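The sequence shown begins at 1 in UniProt numbering and counts up one residue at a time. Worksheet: the structure to be examined is printed underneath.
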Amino acid sequence: MTTRDPNVPETWAEVEVRLADLGVACWADDIPGHFTDLIYPLALRAPEVCTGAGWGKPSDIWSLECAVFQLVLGQSLIKPDVIPESTPYIHTALLVDYPAQMVKRGKYSHLYFEKDGPLNIPLPGRTSLKKRV
Numbered sequence: 001m002t003t004r005d006p007n008v009p010e011t012w013a014e015v016e017v018r019l020a021d022l023g024v025a026c027w028a029d030d031i032p033g034h035f036t037d038l039i040y041p042l043a044l045r046a047p048e049v050c051t052g053a054g055w056g057k058p059s060d061i062w063s064l065e066c067a068v069f070q071l072v073l074g075q076s077l078i079k080p081d082v083i084p085e086s087t088p089y090i091h092t093a094l095l096v097d098y099p100a101q102m103v104k105r106g107k108y109s110h111l112y113f114e115k116d117g118p119l120n121i122p123l124p125g126r127t128s129l130k131k132r133v
């Protein structure tokens, strides 16, 4: 297997990328028409989706950013085979705390957070995403 340098333009000469929705497509502005709370594969799932705080266009941006991260670095920010219930813990360990308002409105927040906002399990010290990349 040949290892290619991602910093050399020729590496990308034959790359083709196609983005597609193969599952839960709906109109972004039709919030009442959303027929499920949990969308996206785990590796692309936005915090507001994990907590059940509602979703829309910002969730699509999160998903796209995760996909771009994977395309550029060749690895997922969050492994696709994680236990579904662990995703909010992974987000918080890798990135930042969830916004308090989102935690308050999330119908699944009680599964992950104490009533006053912090996670319901202690996490080890964080390493910044900048250092990880």
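Don't be surprised by glycine CBs; every beta carbon is placed ideally from N, CA and C. All values reported here derive from a predicted model rather than from experimental measurement.
Quiz prompt | Contact set for SER76: own chain, Cβ-Cβ below 8 Å, skip 5 residues either direction | solution = The residue labelled residue 76 in the question sits at position 76 within the sequence shown. Excluding residues up to 5 positions away in sequence, ALA43, CYS66, PHE69, GLN70 lie with their Cβ nearer than 8 Å to the Cβ of SER76 in the same chain.
Quiz item: Tell me which same chain residues have a C-beta within less than 6 Å of the C-beta of PRO6, skipping the five on either side of it?
Solution: Indexing the sequence shown from 1 puts residue 6 at position 6. Taken in chain order, the list of residues that qualify is empty.
Quiz item: What residues are listed by DSSP as bridge partners for LEU119?
Solution: Stepping through the sequence shown from its first residue, residue 119 is reached at position 119. Paired residues: PHE113.
Quiz item: What residues in its chain sit with their C-beta under 7 Å from that of THR92, if we drop five residues either side in the sequence?
Solution: Position 92 of the sequence shown, counted from the first residue, corresponds to residue 92. The answer, listed in chain order, is TYR98, LEU119, LEU123.
Quiz item: Is ILE78 near ILE61, with beta carbons less than 8 Å apart?
Solution: Here residue 78 refers to the residue found at position 78 when the sequence shown is read from its first residue. Here residue 61 refers to the residue found at position 61 when the sequence shown is read from its first residue. Contact: no.
Quiz prompt | Buried versus exposed, by CB contacts within 10 Å (16 or more), VAL49 | solution = Looking up residue 49 in the sequence shown gives position 49. Result: buried.
Practice problem: For my contact list, GLY52 and LYS107 are in at a C-beta cut-off of 8 Å; report their separation, rounded to the angstrom. | Solution: Taking the first residue of the sequence shown as position 1, residue 52 is located at position 52. Taking the first residue of the sequence shown as position 1, residue 107 is located at position 107. GLY52 to LYS107, Cβ: 4 Å. Contact.
Self-check item: Reduced DSSP secondary structure (H/G/I, E/B, other) of SER76
Solution: If you number the sequence shown from 1, residue 76 lands on position 76. Correct three-state label for SER76: coil.
Quiz item: Helix or strand or just coil, what does DSSP make of LEU94?
Solution: Counting from one through the sequence shown, the residue named residue 94 turns up at place 94. Correct three-state label for LEU94: helix.
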